[in-house]
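Protein chains in written order, with our numbering: chain A, 1 to 293; chain B, 1001 to 1214. From the three backbone atoms N, C-alpha and C, an ideal C-beta is built for every residue, glycine too.
So, in structure tokens, the structure goes:
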């Protein structure tokens, strides 16, 4: 028997759980091997110490306490907790905390997007308010002195009406069928069109036929007001208003100035057509009819 | 009168034998009878069962928590659980092993909970010494030395893993036979032996330095 085998048998050997033959082998090895013998002494001492551990006496009130625990009714812990809460006056605090949690939960539910229609309507109102605010902010700058603000002509109640949410499909604006020989190219809003033939509404002016008709398809009333203001402000130009048409008589040389008044639309005039107009305008005056639609 | 002198020694021997058996050393037959009586509705029978096993369970709990009050509470909880779960006991002849299983589960859980709360680290080192009940007749110096040794061994056992700790407690501190340990831990007899051998060797190696100072 070698040393590891011998030491592995210590536990069974001390408990007399090994055969007599194996016990003799262990004993003979211990007699020969001082290392294993020393280990055996330590092992024996350890186990003997454990066996000599004092037994603890059971407290006298052990069974009494046990019976008390056994006789406790169901929900004793809950009752004890409630009693503790009452004793420490925590019930009111708990109730208050529960109420607060309820209120917060209700508020969160109210704000959550459960009703899409209500939410959309609310959003529309918010959008309108934003538009109104932007419009008012925009109109605070007086770009055209003497011309009333568009916002002043608009009732605020109309703006705050929630708009109906409808799907808009873009509609391509088609030019009037009577249009030909276009001098002005539209490069933005408003749409400008040129017509060489007299506009039907010009017949009411009772003047000579204009050399050029500019039709403005402007959606912005402010823009129309501004344009009218600019056209009528020039003292060298003669203007006459009838219905939705403004007849402007100006020197041919100032055609460029007129062109600039159209602002972002910046109508481009065909040079060939210009030369034709210059020839036809014997008095060097040009009559332009500006029709608003 | 002569008859009395003949019977008296017999009575004394009988009484002595009952006293020396102590708590829990009754045969399994009595345990089984008591278990059946409890299941039949006899509450006093459960008290008798408690008396039979209270010392073992209390000492098992004490070896885990090393405190009188905690051990008492823990052992009482073990019996409460056993009382409530007794109708679920499948084999009434295995009450002892079953009770120990409940006891070990309670001890493990309580030990973990107390350890998490820092109960053992915050505890004064001298707390356990006062509660040790040693046999009388020793000189104060020897008693003190014995207490020191016991405390050291207890602390060393506490550093061992649960498996080693439990098998040492059951075999060397509780003096249980191998087959009962096998039933309680639900492992084969050979495994009990090998685990016990490893646990004892581990404890011996941990205590080597202490023995060399003696």
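Q) What are the boundary residues of the alpha helix (DSSP H) that residue 262 of chain A is part of? A) Under the DSSP assignment, residue 262 of chain A falls outside any alpha helix (DSSP H); it carries neither an H nor an E label.
Q: Anything in the region 5-16 of chain A with a Cβ closer than 9 Å to a Cβ of chain B? List those residues in chain order, please.
A: Under the 9 Å Cβ criterion, the region 5-16 of chain A contributes 7, 8, 9, 10, 11, 12, 14, 15.
(Q) Per the DSSP calculation, residue 245 of chain A is bridged to which residue(s)? (A) Beta-bridge analysis with DSSP links residue 245 of chain A to A/242, A/291.
(Q) Within a Cβ cutoff of 8 Å, which residues of the same chain sit near residue 33 of chain A, ignoring the five residues on either side of it in sequence? (A) Apart from the 5 residues on each side of it in sequence, residue 33 of chain A sits with its Cβ closer than 8 Å to the Cβ of 3, 6 in its chain, given in chain order.
(Q) Please state the DSSP three-state secondary structure of residue 215 of chain A. (A) Secondary structure of residue 215 of chain A (DSSP, three-state): strand.
(Q) Buried or exposed for residue 1210 of chain B, going by 16 or more other Cβ atoms inside 10 Å? (A) With fewer than 16 other Cβ atoms within 10 Å, it is exposed.
Q) On the three-state DSSP scale, how would you describe residue 1089 of chain B? A) DSSP places residue 1089 of chain B in the coil class of the three-state scheme, outside both helix and strand.
Q) For the putative contact between residue 1172 of chain B and residue 29 of chain A, defined by C-beta atoms under 8 Å, what is the C-beta separation to the nearest angstrom? A) Between residue 1172 of chain B and residue 29 of chain A the beta-carbon gap is near 24 Å, outside 8 Å, which marks them as no contact.
(Q) Spatial neighbours of residue 256 of chain A within its chain, please: C-beta separation below 6 Å, excluding the five flanking residues on both sides. (A) Cβ neighbours of residue 256 of chain A beyond the five flanking positions: none.
Q. Could you give the distance in angstroms between the alpha-carbon of residue 1193 of chain B and the alpha-carbon of residue 1106 of chain B?
A. In this structure, the straight-line span from the alpha carbon of residue 1193 of chain B to that of residue 1106 of chain B is close to 25 Å.
Q: Out of A/239, A/293, A/234, A/288, point me to the one whose CA is closest to residue 223 of chain A's CA.
A: A check of alpha carbon separations from residue 223 of chain A across A/239, A/293, A/234, A/288 identifies A/293 as the nearest.
(Q) With a threshold of 9 Å between beta-carbons, can residue 21 of chain A be considered close to chain B, or not? (A) No - not a single Cβ of chain B is within 9 Å of the one on residue 21 of chain A.
Q: Give the straight-line distance between the Cα atoms of residue 261 of chain A and residue 254 of chain A, rounded to the nearest whole angstrom.
A: Straight across, the Cα-Cα distance linking residue 261 of chain A with residue 254 of chain A is about 11 Å.
Q: Within the same chain, show all residues whose beta-carbon is closer than 7 Å to that of residue 1046 of chain B, passing over the 5 residues directly before and after it, in chain order.
A: Short of 7 Å from the beta carbon of residue 1046 of chain B, and not among the five residues preceding or following it, lie these beta carbons of its own chain, in chain order: 1038, 1083.
Q. Of all the CB atoms in chain C, is at least one closer than 9 Å to the CB of residue 54 of chain A?
A. Among the protein chains in the structure shown, which are A and B, there is no chain C.
Q | Reduced DSSP category for residue 1188 of chain B - H, G, I as helix; E, B as strand; rest coil | A | Taken through DSSP and simplified to helix, strand or coil, residue 1188 of chain B comes out as coil.
Q | Beta-carbon contacts of residue 1111 of chain B that lie in its chain and below 6 Å, excluding the five residues immediately before and after | A | The residues are 1064.
Q. Taking just the CA atoms, how far does residue 1177 of chain B sit from residue 1108 of chain B?
A. For residue 1108 of chain B and residue 1177 of chain B, the distance between alpha carbons rounds to 22 Å.
Q: Specify the secondary structure class of residue 1140 of chain B as computed by DSSP and reduced to three states.
A: Looking at residue 1140 of chain B - three-state DSSP - the assignment turns out to be helix.
Q. Does the beta carbon of residue 1155 of chain B come closer than 9 Å to any beta carbon on chain A?
A. Between residue 1155 of chain B and chain A, the shortest Cβ-Cβ separation is not below 9 Å.
Q. Quick one: which chain B residues come within Cβ less than 8 Å of residue 99 of chain A?
A. Per Cβ cutoff of 8 Å: no residues; residue 99 of chain A is ~34 Å from chain B at best.
Q: Name the two residues that bound the continuous alpha helix (DSSP H) containing residue 35 of chain A.
A: Counting along the chain, the alpha helix (DSSP H) containing residue 35 of chain A begins and ends at 34-51.
Q. Cα separation between residue 1052 of chain B and residue 96 of chain A?
A. Answer to the nearest angstrom: the Cα atoms are 52 Å apart.
Q. What did DSSP end up calling residue 4 of chain A once you bin it into helix, strand or coil?
A. The answer is helix: DSSP assigns residue 4 of chain A an H, G or I state.
(Q) Spatial neighbours of residue 39 of chain A within its chain, please: C-beta separation below 8 Å, excluding the five flanking residues on both sides. (A) If we look at residue 39 of chain A and ignore the five residues flanking it on each side, its Cβ neighbours are 7, 10.
Q: Select from A/14, A/104, A/216, A/61 the residue whose C-alpha is nearest the C-alpha of residue 244 of chain A.
A: Of the listed residues, the one whose Cα sits closest to residue 244 of chain A is A/216.
Q.
Using only CA atoms, which one of B/1184, B/1049, B/1088, B/1139 lies nearest to residue 1167 of chain B?
A. Taking only the C-alpha atoms, the option nearest residue 1167 of chain B is B/1184.
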